[in-house]
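Undergrad: So in UniProt numbering, spot 25 of the sequence shown is number 25, and the numbers just go up one at a time.
Here's a structure for you.
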Amino acid sequence: MLNSKHITAVILAGGEGRRMQGADKGLISLWGQPLVAHLLSRLSKQVASIIINANRNHCAYQQYAPVISDTVADFAGPLAGFEAGLSAAPSEWVLFVPCDSPLVPADLAQRLCNAVTHSCQIAVVDDGQRIHAATVLLHRSLLPSLRDYLSGGDRKLQLWFAQHELIKVDFSDQVAAFTNLNTPEALAQLEQTPLQGSALPFLYE
1 MLNSKHITAV ILAGGEGRRM QGADKGLISL WGQPLVAHLL SRLSKQVASI
51 IINANRNHCA YQQYAPVISD TVADFAGPLA GFEAGLSAAP SEWVLFVPCD
101 SPLVPADLAQ RLCNAVTHSC QIAVVDDGQR IHAATVLLHR SLLPSLRDYL
151 SGGDRKLQLW FAQHELIKVD FSDQVAAFTN LNTPEALAQL EQTPLQGSAL
201 PFLYE
């Protein structure tokens, strides 16, 4: 069985933040801490090492973890972050998590690792309602395929997934943990949620 303590996590913070009025989402404050800090706190207990994928504000991010940038130009999306992370990570398996999902479960990495089979190269979160395609465990052997796909100009994540064996990992017991803060309204709503209480029990595991 794959041990999550042997994998690398990459926080995807390389986007343009269009729906956040151009803000660098990883550095947006939630409960007095930037989103990237919340993820570091959650993930550092689960994996061997953490890298941040960012395309601006490198000095700010370097306070938290090593930083890598996309090699594909023009903010090409999660797939460009995947390519950068798989290229830089020292481990065979790499966990990717978007920076606007600061509430990921404390057992995220190990549950994805547990789902991996001998022939599987992708284990992705399924909350019972939809797939969270950017919250995914990938094997480094996917790198040539990913580079070929990007060089062809394609950017649709699901189409690239369809070229490989994929396992959907059931997280329907923790739907709220995959809340995406991709608009100012979503951020404001969560900011008003008390830190203590039954609404967010996964924060205190």
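Glycine included, every Cβ here is placed at the ideal spot set by N, Cα and C.
Using only the alpha-carbon positions, how far apart do S119 and L166 sit?
TA: Their Cα atoms are separated by approximately 9 Å.
Undergrad: Does the pairing of the stretch 46-66 with the stretch 131-151 give three or more beta-carbon distances under 8 Å?
TA: Too few Cβ pairs lie closer than 8 Å, so no.
Undergrad: Taking the alpha-carbon positions, what's the V36 to I28 distance?
TA: Going from the Cα of V36 to the Cα of I28 covers about 8 Å.
Undergrad: Under 7 Å between the Cβ atoms of I7 and V67?
TA: No, the Cβ-Cβ distance between I7 and V67 is not below 7 Å.
Undergrad: Please classify I68: does DSSP put it in a helix, a strand, or coil?
TA: Three-state DSSP puts I68 in a strand.
Undergrad: Assign S91 to one of three DSSP states: helix, strand, or coil.
TA: In this structure, S91 counts as coil in the three-state DSSP scheme.
Undergrad: Have a look at residue 249 and Q21 and give me their C-alpha separation to the nearest angstrom.
TA: No statement about residue 249 is possible, as the shown extent of the chain runs from 1 to 205 and does not include it.
Undergrad: Give me, in chain order, the residues of the same chain whose beta-carbon lies closer than 8 Å to that of Q196; leave out the 5 immediate sequence neighbours on both sides.
TA: Any reading at Q196 must be qualified, since the residue scores a pLDDT of 45, below 50, and its modelled position is unreliable; no value is offered.
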